[in-house]
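Colleague:
Protein chains in written order, with this note's numbering: chain A, 4 to 330; chain B, 4 to 330; chain C, 4 to 330; chain D, 4 to 330.
Encoded structure:
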């Protein structure tokens, strides 16, 4: 269950403090021009260490292509992408290794597997998304050749909407040993009509699953999302014209199939659960205790989730594109 | 892509005005007591014709078990469930067969397949959910043996929250040749900790995909959903006690794995797109035109989606339960 | 695990003495002309009751298309095919319901599921192949449009190779309360080069799995098969010419991908395990006992396996054809 | 399609002359003791350079565990295994890069993908099996804990059956610039009854697909295989006793489900297609030409296929074991 997609399949691997993270892409069409320089910029966007607003962990996140590319072109065989972990401070986690961090997956991984790599969250760390973003970059390269572009923006952070307000809100939360969440919106333009596979591979279903599968995401909307519940059908339907649509409340998807309009998805990102403030919790022996989460954490994860969400949208689209070929 | 699930796989088939709808369940454990009477009540809850608030289409929706059950017990082989379509008024659709109904899948099915069964929406009709609900009833039978119960409730319809207000709101919309949407909440109690498969088979990811794949759903929230974006991490984290959790903002899922708390999902349901009011649209020849959708339609689909959403939650849970056995 | 294929997915259901057998096909391209008359002839070829060489069970095996076809064309939605069981003599099995028939799946189904439908072998009956053959007929319709034809022939039965010798051999075995097996060969002509997905979806791998998954098959060969072990590489390699190949020892597949030559598969079919002669066995209580299998059985199953093997080859090819579209 | 298995999923990657080969294992149960030393011995058995009977390519094939193991135990997360390619002589292939080697996948890869990494066969090289063998070693570790052991033996090479005859036969072929094939047999002992998923995930179907998917394999037999076609049913059925079976003609599988007896598979391995003798072929421009394949090749591949076939049997069994948990 570490594989995403059906036609363009991405398997990610790796833990936060293990030797490496990465992915294997299976099903990428042959003869796509591809080199590391196509992948690195998206990895650079998600990497930590770049600003006081994000974690201080300093990772170069240099990607190596291990297979599937021959003289600058994909060959149709699996593309393995590798990123070594370098700046690992595992000692930060020794003090809390027996305590479950609230809002994290510590308790549930322990419940599921009976074992967990507690260093930096192990597999449940955001560091796992390196593999997703690397794969997403390959997907975007393919989509770009088809005229499809994916982009994302921050809608709001803790109620603030301008960059300056948002920055202040995050720094204030950080100073208080706390964290904040927000809303991001991801859009794809240039998508043809006809993508998506009813009834259980609907494009919106795939998108919702892809987005909700990003750590910290607690809500997903397609098009106008929850706002539709306050409307009449006569307001919410997108009328058609001779050449297109009169509006796009639907977010580019009807009956689970793309309509040719822009595809619009919004996600709710919770406040980072790692906070310095003391919290009530339990240890692995069943005793009530307190925890204050040290280490290097993002006081707000929204901006770093953006490239991940864009990557996931790209992966959903490339998968649907390739699945559509047979019709 | 008409199959849902990995360990408990449900394949649905059938069109609104074809001979039958139904499903095949593959992977149901053997020796589960099962008969048609276990399935019929849930089908009865979703069937039309029961109230002035719903479509006047009158279907008995009697289910027949074609395979997989021997002397009242499942055998581990595929369970095929069949429901014949009876009350089919295909003539209702002849007049609009060349027009794309706004808010429906008419245009996108045509774009994808180059052909569509326009009678009652064909495969994109809500009638397809008969198969889901039948399968969900089998899933619930299994879950009940494990102490897990699934239930749903209407949170609001077009801003109204009491049954009387909701009924009036729906009847008013119907009288105006219009429709309204709303919010429903589905809950599972009794779920053990440990369900869900990181990183791409997370329980919340599966739930979001399952819910967004129901026709008319435009938004999905787990736990507190979009409300989390207004909180600090210190407010949103669910502290742990020696025996459980101090709150359930997370909706019973952490890191994509169930925590043992109640699982809570909310969905935004759009106003039914079929409305009597005239709407601007296009025909299959590319001409702008008007349409007024006759036929027998629900002025509000929220109540009929409830059993479908419950079924989908049950399917996600049984799939995760069976997938968890190996750990 | 009752689903075959990846792009053209066939899920079969049904037991020998249950209400019905059939299948659901998911992923069939839209706009393929299809009606029951396309499917019935292949079903007629596999049905029992037609000759003294086969079982006396008399089934019309009339197929009903339940979904996925609109006005004579497929719509891209699931095609459900149903065949009712009619001539069921379940009483034949009451006498032996507690005994495991040697060479049959009685013991292993009991071991796996803790329950089994003992009437006519239940799910392990050859009757399950009705669904496969029906689906194979749809696959063949598609392949025919691409210029691909599938055919099969009996190579030998119990060492005999002419129809007259074979008939005598079978009747002699029947008279002795015994049974015989044989070898069949299935060929596809007109196949383009490029089908098959290395490294785990190789065309020969899929074919071998498909053929060995037919009941009673114990061996599979591609091309010259086991004969290659007596050759030098210089004898076995198929040299190439400017326009094709000088020979076809490989059976049309190189490196798991079709070469454009005829695809040739041979299968070893064991003697029918149901024989009237008394055999040593065990009952479900663990007691040693004897069994003589009555009921209506084929003294040789090779001829009835032919349409099944052809269907499986067709299913493998259509699946590979659709999977190839994206490259 | 570079993923094998359903519950214990192995994705291999890598080309013969690329930077690395390896695999990602997804679905391995947690808390299995595992370190590189568990994997290395099986890799050493398949590695080249060890004898005059095999290729002179000298690869240490040292495996690195990149993820999924924490302090000597698996964690339930993906296990990525990496082996760097070291002794790469790509120049050997420049001279023949435009010629299709008979008996190889050169032509078919070109036909399928429109591009191929011609260095050492690229992805179609036997070097890809490094990933399979590494994964197989993990599977064997798991199986050993359940009391299941997998082993293989050479039955014959070019008609010879003793090691001394076989060695002479191979050296003679090598001296003649030619090659020979043979038969290998793989056996699993200690397998419980009940493994395998009818009707399309039968254990023998999975085994046949797994074995035929190994390069150079042209035939697969389960149990007595093709020999059954010369027998009467009364000879071929394995009678049962109070505690077991009187014989094992079936090779441990009945109705696609393991019976608890030894599982026995035999494979026909073709003579290595790379031979020094000149052969008739075609180049990528469509001209008839001759080729003599230099480089470092095995004159007989049977012995090196043995650990691969054992690995594949182990992968099939562990997959079936994990799939069986739910019943």
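Glycine included, every Cβ here is placed at the ideal spot set by N, Cα and C.
Excluding the 5 residues flanking residue 126 of chain D on each side, which residues of the same chain have their C-beta closer than 6 Å to its C-beta?
Modeller: Taken in chain order, the residues that qualify are 18.
Colleague: Is residue 210 of chain C near residue 56 of chain C, with beta carbons less than 8 Å apart?
Modeller: no
Colleague: With distances taken Cα to Cα, identify the nearest neighbour of residue 324 of chain C among C:148, C:4 and C:85.
Modeller: Nearest of C:148, C:4 and C:85 to residue 324 of chain C, Cα basis: C:148.
Colleague: Taking the alpha helix (DSSP H) that residue 115 of chain D falls in, what are its first and last residues?
Modeller: 109-116
Colleague: What's the C-alpha gap between residue 257 of chain A and residue 223 of chain C?
Modeller: In a straight line, the C-alpha of residue 257 of chain A is about 47 Å away from that of residue 223 of chain C.
Colleague: Does the segment 297-308 of chain C come close enough to the segment 176-195 of chain C to have 3 or more Cβ pairs within less than 8 Å?
Modeller: yes
Colleague: Can the beta-carbon of residue 322 of chain B be found less than 8 Å from the beta-carbon of residue 10 of chain B?
Modeller: yes
Colleague: Please list the partners that residue 109 of chain A has in chain D, where partner means a Cβ-to-Cβ separation under 7 Å.
Modeller: Going along chain D, no residue has its Cβ under 7 Å from residue 109 of chain A, so there is no contact; the nearest lies around 13 Å.
Colleague: To the nearest angstrom, report how far apart residue 214 of chain C and residue 216 of chain A are at their CA atoms.
Modeller: 39 Å
Colleague: Could you please give me the residues that DSSP links to residue 257 of chain A through a beta bridge?
Modeller: A:260
Colleague: Can you list, in chain order, the residues of its chain with a C-beta nearer than 6 Å to that of residue 103 of chain B? Leave out the 5 residues immediately preceding and following it.
Modeller: 109, 110, 284 and 285
Colleague: Could you pull the DSSP bridge partners for residue 336 of chain B from this structure?
Modeller: Nothing about residue 336 of chain B can be reported from this structure: the residues present for chain B run from 4 to 330 only.
Colleague: Spell out the partners DSSP gives residue 235 of chain B in its beta bridges.
Modeller: Looking at the DSSP output, residue 235 of chain B bridges to A:183.
Colleague: In terms of residue numbering, what span does the alpha helix (DSSP H) encompassing residue 207 of chain B cover?
Modeller: 206-215
Colleague: Whole angstroms are fine: how far does the CA of residue 289 of chain C sit from the CA of residue 254 of chain D?
Modeller: 22 Å
Colleague: Starting from residue 168 of chain B, trace the beta strand (DSSP E) in both directions and tell me its first and last residue.
Modeller: Where residue 168 of chain B is concerned, there is no enclosing beta strand (DSSP E), although the alpha helix (DSSP H) it sits in stretches over 166-178.
Colleague: Out of curiosity, what's the CA-to-CA distance linking residue 54 of chain A and residue 26 of chain A?
Modeller: Cα atoms of residue 54 of chain A and residue 26 of chain A: separation of roughly 27 Å, rounded to the nearest angstrom.
Colleague: How is the beta strand (DSSP E) around residue 82 of chain B delimited, first residue to last?
Modeller: 82-87
Colleague: Are the C-beta atoms of residue 161 of chain C and some chain D residue less than 8 Å apart?
Modeller: yes
Colleague: Can you tell me where the alpha helix (DSSP H) with residue 287 of chain C in it begins and where it stops?
Modeller: Per DSSP, residue 287 of chain C belongs to no alpha helix (DSSP H) and is neither H nor E.
Colleague: Can you grab the Cα-Cα spacing for the pair residue 34 of chain B / residue 174 of chain D, in whole Å?
Modeller: 59 Å
Colleague: Please say whether residue 318 of chain C and residue 13 of chain C have beta carbons closer to each other than 8 Å?
Modeller: yes
Colleague: Go through its chain and collect everything with a Cβ distance to residue 201 of chain C's Cβ below 6 Å, but skip five positions before and after it.
Modeller: 259
Colleague: Have a look at residue 7 of chain D and residue 218 of chain D and give me their C-alpha separation to the nearest angstrom.
Modeller: 15 Å
Colleague: Could you give the distance in angstroms between the alpha-carbon of residue 280 of chain C and the alpha-carbon of residue 107 of chain C?
Modeller: 15 Å
Colleague: Should residue 271 of chain A and residue 221 of chain A be called a contact, given that it needs their Cβ atoms to be closer than 8 Å?
Modeller: At the C-beta level, residue 271 of chain A and residue 221 of chain A come within 8 Å of one another.
Colleague: Tell me which residue opens and which closes the beta strand (DSSP E) that residue 12 of chain D is part of.
Modeller: 12-17 is the span of the beta strand (DSSP E), which, as asked, contains residue 12 of chain D.
Colleague: Once the 5 residues before and after residue 75 of chain A are set aside, which same chain residues still bring their CB inside 8 Å of it?
Modeller: 36, 37 and 38
Colleague: Could you tell me which chain C residues have their CB closer than 7 Å to the CB of residue 116 of chain B, listed as they occur along the chain?
Modeller: One finds 33, 78 and 79 in chain C with Cβ atoms closer than 7 Å to the Cβ of residue 116 of chain B, taken in chain order.
Colleague: Any idea which residues DSSP pairs residue 293 of chain D with across the strands?
Modeller: D:283
Colleague: Kindly list, in the order they appear in chain A, the residues whose Cβ is closer than 7 Å to that of residue 96 of chain B.
Modeller: Near residue 96 of chain B there are no residues of chain A at all, since even the closest Cβ is about 16 Å away, more than 7 Å.
Colleague: Using the beta-carbon of each residue, which ones in chain C are nearer than 7 Å to residue 112 of chain D?
Modeller: 258 and 260
Colleague: List the whole-angstrom C-beta distance separating residue 162 of chain D from residue 155 of chain C, where the pair is believed to meet the contact cut-off of C-beta under 8 Å.
Modeller: Going by Cβ atoms, the distance from residue 162 of chain D to residue 155 of chain C rounds to 31 Å, so no, they are not a contact pair.
Colleague: Classify residue 89 of chain C as buried or exposed, calling it buried when 16 or more other Cβ atoms lie within 10 Å of its own Cβ.
Modeller: exposed
Colleague: Do you know how far the Cα of residue 273 of chain A is from the Cα of residue 43 of chain A?
Modeller: 27 Å
Colleague: Please classify residue 199 of chain D: is it buried, with 16 or more other beta-carbons within 10 angstroms of its beta-carbon, or exposed?
Modeller: buried
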